[in-house]
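Numbering (the UniProt record's numbering), first residue to last: 1 to 658. Take a look at the structure below.
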């Protein structure tokens, strides 16, 4: 088990090396088995792993651990998989050990050892499932046999004998060893004769010595010994049982029942899956039972075919690489912060002074490393950075990395590209990854503590809030301010602040003031007309007023051309937007819904008070606000409108007053 590094900012990959291969260009690649961390699986599978861990602690009676130890134990848990991949050997960064979790193990011992992991579940990256490992070692009180008390001499056994074991051989039988061997020879001869009579067996074993070898297998010997046991070790009765009236008894095992093509499929499956008989049956031999496959495997190991393949594998292993020298990796990490104040973007530099480690909250370290998104300017000390790279988490549970992970719903990173997945925060949950891709700056809430609110008032001279507000990116040493606040707080408690009581007016007085400032509107009588429905305005009811949508020519006046700005066009001048011969008409269905403005009495009185010149000036400039003195209506008397001229005598538009 080794560490592989595929990214400078992400944790190491834990892999198990199956073999080392040398490529054509001379590089060394390792064929490895993938192991996954908790951060690599979804939250539903994480909750399943948590329930499995709780059951393990209850069954094995583990000693109690603190919250921090429980948090770190999640970093030591891995999930085995059947996924293989090839990685360059130059990416190896060290060795580690991974063991199968046993009931006799104490979980806290894994925290005492460096580079030590455990696993108990198997993760399927394709099906996204988490199952118990079939290679579980059954050790502990749960798997011990319950030995009953010994019966007193003369006491009857009241147990159900049908559920008990059945005796298949009695070593205190009256037969000698020579007689038993002679009976076994007779059983082999009967088996050879039975194969000669069987057509299918004569085709599979055409020669006599092949039939004799098949008759000498264990299935024939077991049948002969069972025959002796059933007949009370009477040789005469046992002989007659071997050759009944219908002919000799033929006993076959799995080695004879399987065809040559089925044996080839089994060897191919064994090369791919190893001794995982469930997968072998599911993918290669679904018509065979699991017991048949297991029996065939152990019989196949006794054949020359197995010995021949074993020799070929040994020869291939001798030709392959057995070990490779990996020098110590000494290149600087791109996330390493070289110096404070250097050019931003160069090796994680450009960080502000006074920042602490996100994991252990220390302010002193020989080396710092940038961690997380660049805009948050988080960093880790040297020891916490090594812990992050090896175990994929922080030493202490934080709200970002620890607590928030269990409450959100993560998704897999399979839908993200490699640059997008690497640009995400290491502690960002999968539920928020899609939001981060669509929106870089996420909404957040800062909830201050009581001590922080007290420090703002008590240490105003140190905090200088107005100056800090003008420089929002300048760091504030919050620890020093809180420390100073804790020193000043006992002195300030002796002289408490004077609290001025607030005199509140009664509710009746407040209501009277509101009524005086804004009088209530009278209720509308029941006999009033129904308000105009906006949707009804679009229906043409045959009314030639404002209630009907009219075409552009109807609104502008027939025979009087207008330009785009509302001014009349001179005769003989063609509009620049539309040709005179073919002018586009607006479709009433495409026109917007009309807006009805109900004028008040004051507005109507104001219209009558304005002169004809002022009305025309306001009509030419509709976007400018109309400023009228409040006393204009009361002072200026209404001016009569001039008589309109005939349309044929002037080119000016006709202004009508309603």
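Note that CB positions come from ideal geometry on N, CA and C, so glycine has one too.
With a threshold of 16 other beta carbon atoms within 10 Å, residue 487 falls short and is exposed. The alpha-carbon of residue 379 is positioned some 10 Å away from that of residue 367.
Within the DSSP bridge table, the entry for residue 99 names 118 as partners.
By the neighbour-count criterion, in which 16 or more other beta carbons inside 10 Å mark a residue as buried, residue 51 falls on the exposed side. Under the DSSP assignment, residue 129 falls in the beta strand (DSSP E) whose first and last residues are 129 to 132.
DSSP, read as helix, strand or coil, puts residue 599 in coil. Under the three-pair Cβ rule at 8 Å, the segment 190 to 197 counts as touching the segment 212 to 225. If you draw a straight line from the Cα of residue 385 to the Cα of residue 126, it comes to about 31 Å. DSSP places residue 21 in the strand class (E or B) of the three-state scheme.
For residue 313, the enclosing alpha helix (DSSP H) has its first and last residue at 304 to 319.
76 is the residue among 103, 76, 49 and 14 whose C-alpha sits nearest the C-alpha of residue 394. Distance from residue 37 to residue 392 at the Cβ level is roughly 5 Å; contact confirmed, criterion being Cβ atoms closer than 8 Å.
For residue 86, the uninterrupted beta strand (DSSP E) run begins and ends at 77 to 88, by DSSP. Beyond the five residues adjoining it in sequence on each side, residue 363 comes within less than 6 Å, by CB distance, of 356 in the same chain, given in chain order.
For residue 300, the enclosing alpha helix (DSSP H) covers residues 290 to 300. The segment 10 to 30 makes no contact with the segment 46 to 63: fewer than 3 CB pairs, one atom from each, lie closer than 8 Å.
Cβ-Cβ separation between residue 1 and residue 16: approximately 5 Å, consistent with a contact (criterion under 8 Å). In the DSSP assignment, residue 193 falls within the unbroken alpha helix (DSSP H) covering 177 to 197. In the DSSP assignment, residue 369 forms a beta bridge with 336 and 380. Per DSSP, residue 30 lies in no alpha helix (DSSP H) segment; the continuous beta strand (DSSP E) that holds it begins and ends at 28 to 36.
Following the DSSP letters along the chain, one finds residue 4 inside the beta strand (DSSP E) bounded by residues 2 to 4. The beta-carbon separation of residue 124 and residue 100, rounded to 18 Å, does not stay under the 8 Å limit for a contact. Ranked by Cα distance from residue 296, the first of 462, 113 and 281 is 281.
Residue 271 and residue 31 have their C-alpha atoms some 15 Å from each other.
Counting only the Cα atoms, residue 166 lies some 15 Å from residue 157. Contact check for residue 220 and residue 241: beta-carbon distance about 14 Å, past the 8 Å limit, so the pair fails to qualify.
Excluding five sequence positions before and after residue 121, the CB atoms of its chain that fall closer than 7 Å to its own CB belong to 49, 52, 79, 130, 131, 132 and 133, given in chain order.
Restricting attention to 387, 373, 337 and 334, the CA atom closest to the CA of residue 359 is found in 387.
When the Cα atoms are used, residue 505 and residue 457 turn out to be separated by approximately 30 Å.
Comparing alpha carbon positions, the residue from 12, 308, 474 and 168 closest to residue 224 is 168. Here the C-alpha atom of residue 269 lies approximately 56 Å from the C-alpha atom of residue 445. For residue 222, the three-state secondary structure derived from DSSP is helix.
Looking at the backbone, the Cα of residue 480 and that of residue 462 are separated by about 9 Å. A Cβ-Cβ separation of about 11 Å leaves residue 86 out of contact with residue 34 under the 8 Å criterion.
Contact between residue 389 and residue 11 holds: their C-beta atoms lie close to 5 Å from each other, under 8 Å. The C-beta distance from residue 20 to residue 321 rounds to 4 Å, short enough to fall under 8 Å.
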